[in-house]
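Peer 1:
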C-alpha cells in the first residue's frame, strides 16, 4: 500500500517509522522522506495503516495499492456515496493474478445486524441504489450470486473486511456498481433494502500516482484530504 505522508524533517520520518514498528500484520515499511512517500507491505486493511499514520499528526493520503510484487493485473475502487446518507465507505479491489482478487473495505454508519456486499450490473446511481440493476452475472458463486462478502455489524456501525476472491475479475467490474444490502443471504426482490452504493472505478497501483498538485485548479493532495475529512 502506498501513502503520501507530509514529512518535512528527520523527526517526521522517525515518527512515521515508530508508528509502524512492531505492528503485527506489517511485513515491511519503506519511507522516502524527500518524496513524502511511505510503502507498506501488509496483510492489514489500508484503513488500519492510515489510522496508524494519522496518529503521528501528519497529513496522510492513500495514493496506490498493489499485490505484493506490485505486478498486479488491475486495481479498482468504489466510494459508497449514494443511498443512505449516513453510510460512508470505501472498498478497494486488487487483481493480484488471474485467479485471485484481493478485496478490502471499511464501511461506517451501518445499522446493527447482518449485511451483504454485492456487485451489480450497472454503474448508474442516478436514482440512488435502485438504478444499479440486478446483481452482476453468476461469478460461479451459485446460491450466493455476486456476493463479495457478508458483514456482521455491531452497535458501532462499522463493517471492515479483507478477503481473497477467485471469481471476481477487476476488468469485468469496472464501471459497474457495488451495493450494500440489508440482511444475510439476500434475495434481491426489494430494492428498498439496498442501503448504500457507488460506482466501481479504476484506481492507481503503487508508483502509478505521483501527482501532488492538480494542474486544473492548483489544489494539492493535502487540500483534498482535508476537504474529504470535512465532508465525511
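In our numbering, the protein residues as written are 3 to 234. Note that CB positions come from ideal geometry on N, CA and C, so glycine has one too. The structure presented is a predicted model; accordingly, all values stated were derived computationally and were not measured.
1. Counting along the chain, where does the beta strand (DSSP E) carrying residue 102 start and finish?
2. Please name the residue in 158, 94, 14 and 156 whose C-alpha comes closest to that of residue 170.
3. Any idea which residues DSSP pairs residue 184 with across the strands?
4. In whole angstroms, what separates the C-alpha of residue 130 from that of residue 184?
5. Under DSSP, the beta strand (DSSP E) around residue 90 begins and ends at which residues?
6. DSSP puts residue 153 in a beta bridge; with which residues?
7. With contact counted as at least three CB pairs below 8 Å, one residue from each stretch, are the segment 164-183 and the segment 195-207 in contact?
8. Let me confirm a value: residue 128 is counted as buried when at least 16 other C-beta atoms fall within 10 Å, else exposed. Which label applies?
9. When you compare the CB positions of residue 175 and residue 53, do they come within less than 9 Å of one another, or not?
10. Just to confirm the assignment, what range does the beta strand (DSSP E) spanning residue 176 have?
11. Would you decide whether residue 38 is buried or exposed? Buried here means 16 or more other CB atoms lie within 10 Å of its CB.
12. In whole angstroms, give me the CA-to-CA distance for residue 144 and residue 86.
13. Judging by CA-CA distance, which residue of 46, 92, 15 and 24 is the nearest neighbour of residue 59?
Peer 2: According to the structure data:
1. Taken as a continuous stretch (DSSP letters only), the beta strand (DSSP E) holding residue 102 covers 102-110.
2. 94
3. 117
4. 15 Å
5. 90-99
6. 117
7. Yes: at least three Cβ pairs fall under 8 Å.
8. exposed
9. no
10. No beta strand (DSSP E) contains residue 176, which DSSP labels as neither H nor E.
11. For residue 38, the number of other beta carbons within 10 angstroms of its own is at least 16, and it is reported as buried.
12. Note that residue 144 scores 47 on pLDDT, short of 50, meaning its location in the model is unreliable; the coordinates nonetheless yield the value given after this. Roughly 29 Å separates the two Cα atoms.
13. 15
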